[in-house]
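There are 2 protein chains.
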Amino acid sequence: MDATPTIRPALAADDDAIWAILEPTFRAGETYPIPRDITRADALRYWRADGNDVFVAEQDGAIVGSYYLRANNRGGGAHVANGGYVVASGATGRGVARAMCMDSLTRAGARGFTAMQFNFVIASNERAVRLWQSCGFAIVGRLPQAFQHPRLGYVDAYVMVRTL
Amino acid sequence: MDATPTIRPALAADDDAIWAILEPTFRAGETYPIPRDITRADALRYWRADGNDVFVAEQDGAIVGSYYLRANNRGGGAHVANGGYVVASGATGRGVARAMCMDSLTRAGARGFTAMQFNFVIASNERAVRLWQSCGFAIVGRLPQAFQHPRLGYVDAYVMVRTL
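Protein chains in written order, with this note's numbering: chain V, -16 to 147; chain A, -16 to 147.
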C-alpha cells in the first residue's frame, strides 16, 4: 500500500468516484450540515460550487478522498481560505485526511491566502477536531448546539483557524 | 418622524430602494466582506439569494433599511437562522437596525429556528457589535485578522449567537 496518497486536481471524469465518497458521508449526516437525502447532482454542485478548486487523493490506483479549496469570503475577507474534506469509508486511518489538509494548506499559501478557516467542525467528530489541531488549527469559536446529530441530538460546532 | 419603522416583506419594486442602501455600504467596504466594486445585479443577487427572505423598513414613507433572513446552514444545521442588515446612510441613529433585528428575531422564532447566528461581524464596527449585544447576542468566536478594512488594515471579525 502506498504510504502517502497522491493528490491531484479533480477531473470531470472523477464525479462518480467523488460521489461514491460523498454519498455515505452525507447520508450518515454526522459530519456535514447537508441534507441526508441530498441528490447526487445537488451534492456535486455543492462540492464543485463556483470558486471551489476540487482535488482527489489516490492510493493504490483508487480515489480514496476529495477536498475543495476556496476563499471563505469575498471582498475584505477574500484573504482567508476555506476547505472541506471527505475520506472513503474504507480508507480511514491511513493518513488520507491529513495528507489532503497539508496539501490544501500548501496550495492556499501559494495562492496568497494568509489563513485557513473551517466554519463548522462538529464537536462530536472528535477525530477530525484532533486531526485539525495536529495540523495547526486552533478552535476560535464554539457554536452552541448548532448541529442536530442523528444519534446524539444537538451538539456544538467549532470554528477553527490556522494562519499560513 | 415615525418613532418606529414599519417593516414589511420586500417587493420586486423595492430593488431600486434596496440598491440605494446597499451601494454606499458595499462601496465603503467597512462592514461586509463584499467586493467594493460589486455591480447592482450581483449585489441584489447576494441580498436576494435563494433561501433569503428579504424585508424593508419604512419610516415617513421612505425605505430606510433592509434585511434578509435565512437558514445559516442546511441539514443538521438548518435550525439556526442568519440575518444581514443595512441602514440608509441618512437614517442611522434612529433605531432602524434595532427594529429590523428584533423583527428578524420574532420571525425567526415563528419559523421554528432555535438560534440566530451572525458569521462575520467586523470588530471595528463597534456600534454594530454593541447593538447586537444589546439585542441579546453574545460573541462566541473571534476570527483573527479576518477582514481587510480599507482604512484600518486587518481587523478581527466576530461570530455572534443568540438563542431564540
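Every residue, glycine too, gets a C-beta built ideally from N, C-alpha and C.
_Residues that DSSP places opposite Glu41(V) in a beta bridge_ = Thr(-11)(V), Ile46(V)
_Cα-Cα separation, Leu88(V) to Ile4(V)_ = 22 Å
*The alpha helix (DSSP H) with Thr8(A) in it runs from where to where?*
-2 to 11
*According to DSSP, residues forming a beta bridge with Leu126(V)*: Ala140(V)
*asked:* So for Arg77(V), helix, strand or coil by DSSP?
replied: coil
*Starting from Tyr68(V), follow the beta strand (DSSP E) in both directions and report where the run begins and ends.*
63 to 70
*With a Cβ-Cβ cutoff of 8 Å, do Gln116(A) and Val79(A) count as a contact?*
no
*Closer than 8 Å, Cβ to any Cβ of chain V: which residues of the region 117 to 133 of chain A, in chain order?*
Val123, Gly124, Arg125, Leu126, Pro127, Gln128, Ala129, Phe130, Gln131, His132, Pro133
*Given Gly12(V), which residues of its chain have a CB within under 7 Å of its CB, disregarding the five upstream and five downstream residues?*
Arg19, Pro133
_So, does the region 65 to 74 of chain V touch the region 42 to 57 of chain V, judging by three or more C-beta pairs under 8 Å?_
yes
*Around the Cβ of Leu126(V), are there at least 16 other Cβ atoms within 10 angstroms (buried) or fewer (exposed)?*
buried
*asked:* At the level of alpha carbons, what is the spacing between Val144(V) and Gln100(V)?
replied: 4 Å
*Mind checking which residues open and close the beta strand (DSSP E) that includes Ala24(A)?*
First-last for Ala24(A): 23 to 30, but that is the alpha helix (DSSP H), not the beta strand (DSSP E).
*Taking the alpha carbon of Gly73(A) as the point to measure from, which residue in Ala93(A), Ala(-4)(A), Thr8(A) has its own alpha carbon closest?*
Thr8(A)
*Smallest Cα separation from Gly44(A): which of Phe130(A), Thr(-11)(A), Ile17(A)?*
Thr(-11)(A)
*Per DSSP, which one or two residues make a beta bridge with Ala121(V)?*
Val144(V)
*Give me whichever residues DSSP pairs with Val104(A) in a beta bridge.*
Tyr141(A)
*Thinking just about the alpha-carbon of each residue, which of Asp25(V), Leu114(V), Ile105(V) is nearest to the one in Tyr141(V)?*
Ile105(V)
*Write down the C-beta distance between Gly60(A) and Pro16(V) rounded to the nearest angstrom, noting that I regard them as a contact closer than 8 Å.*
3 Å
*Would you list the residues sitting across from Tyr51(A) in a DSSP beta bridge?*
Val37(A), Gly67(A)
*How big is the Cα-Cα spacing for Ala111(V) and Gly95(A)?*
30 Å
*Using CA coordinates, which residue listed in Thr14(V), Arg57(V), Glu109(V), Val39(V) is at the minimum distance from Phe130(A)?*
Arg57(V)
*Which residues in the same chain as Ile21(A) place their Cβ atom closer than 7 Å to its Cβ, once the five residues preceding and following it in sequence are excluded?*
Phe9
*Sorted by chain position, which residues of the same chain lie with C-beta nearer than 8 Å to Thr97(V)'s C-beta, five sequence neighbours on each side aside?*
His62, Val63, Thr146, Leu147
*Return the bridge partner residues of Gln131(V) from the DSSP annotation.*
Tyr137(V)
*Against chain V: residues of the region 58 to 75 of chain A by CB proximity under 9 Å*: Gly58, Gly59, Gly60, Ala61, His62, Val63
*Relative to the C-alpha of Asp(-3)(A), which residue among Gly48(A), Ala32(A), Asp25(A) is closest?*
Gly48(A)
*At a CB-CB cut-off below 7 Å, which residues of chain A make contact with Pro18(V)?*
Arg57, Gly58
_Straight-line gap, Gly92(A) to Leu(-6)(V) (C-alpha atoms, nearest Å)_ = 44 Å
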